[in-house]
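Please read the structure below before turning to the comments.
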Amino acid sequence: MRELFVETCTAAGEDGAASEYDYSILIEELPGGLENYGVKITEHGTGKGTTVPGVTVDFSRINELIALLTRNVVTPTGLPDVLADWL
């Protein structure tokens, strides 16, 4: 599986401290030259994150999702809920 870094975003927490998150697209090669895409969000400093492989085989859809995640600075904890609503 490959990982395509997309962007780093910063958000202020409830305590006012800034947190940075890295957003990446995961690419899994399937038989027949197809690709399956997922997402990964990792918090700077702690290295904690959430990985969700196999979200879609449509590259335009994964780009829409990653744009939504970065625009709203979705955290690793919030990713499963956002993904459930998005699907």
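To convert a position in the sequence shown, counted from 1, into the working numbering, add 1163.
Backbone N, C-alpha and C define an ideal beta-carbon position, used for all residues, glycine too.
Residue from the options with nearest C-alpha to residue i
i, options, result
"GLU1198", "GLY1176, HIS1207, ILE1204 and PHE1222", "PHE1222"
"THR1205", "TRP1249, ARG1165, GLU1170 and ALA1247", "GLU1170"
"LYS1211", "LYS1203, LEU1246 and TRP1249", "LYS1203"
"LEU1246", "VAL1215, GLU1192, LEU1167 and GLU1177", "VAL1215"
"TYR1200", "ASP1244, ASP1248 and MET1164", "MET1164"
"THR1209", "GLU1183, VAL1237, GLU1227 and ASP1248", "GLU1183"
Alpha carbon of residue i to alpha carbon of residue j, nearest angstrom
i, j, result
"LEU1189", "ALA1180", "29 Å"
"ASP1185", "PRO1194", "29 Å"
"LEU1232", "ASP1178", "22 Å"
"ALA1174", "THR1240", "14 Å"
"PHE1168", "GLY1176", "23 Å"
"CYS1172", "GLY1196", "32 Å"
First and last residue of the uninterrupted beta strand (DSSP E) at residue i
i, result
"GLU1177", "Taken as a continuous stretch (DSSP letters only), GLU1177 belongs to no beta strand (DSSP E), as it is neither H nor E."
"GLY1201", "1198-1206"
Local Cβ density within 10 Å of residue i, reported as buried at 16 or more and exposed below that
i, result
"VAL1220", "exposed"
"LEU1250", "exposed"
"LEU1242", "buried"
Secondary structure, alpha helix (DSSP H): runs of 4+ residues fully inside the stretch 1209-1247: 1222-1234
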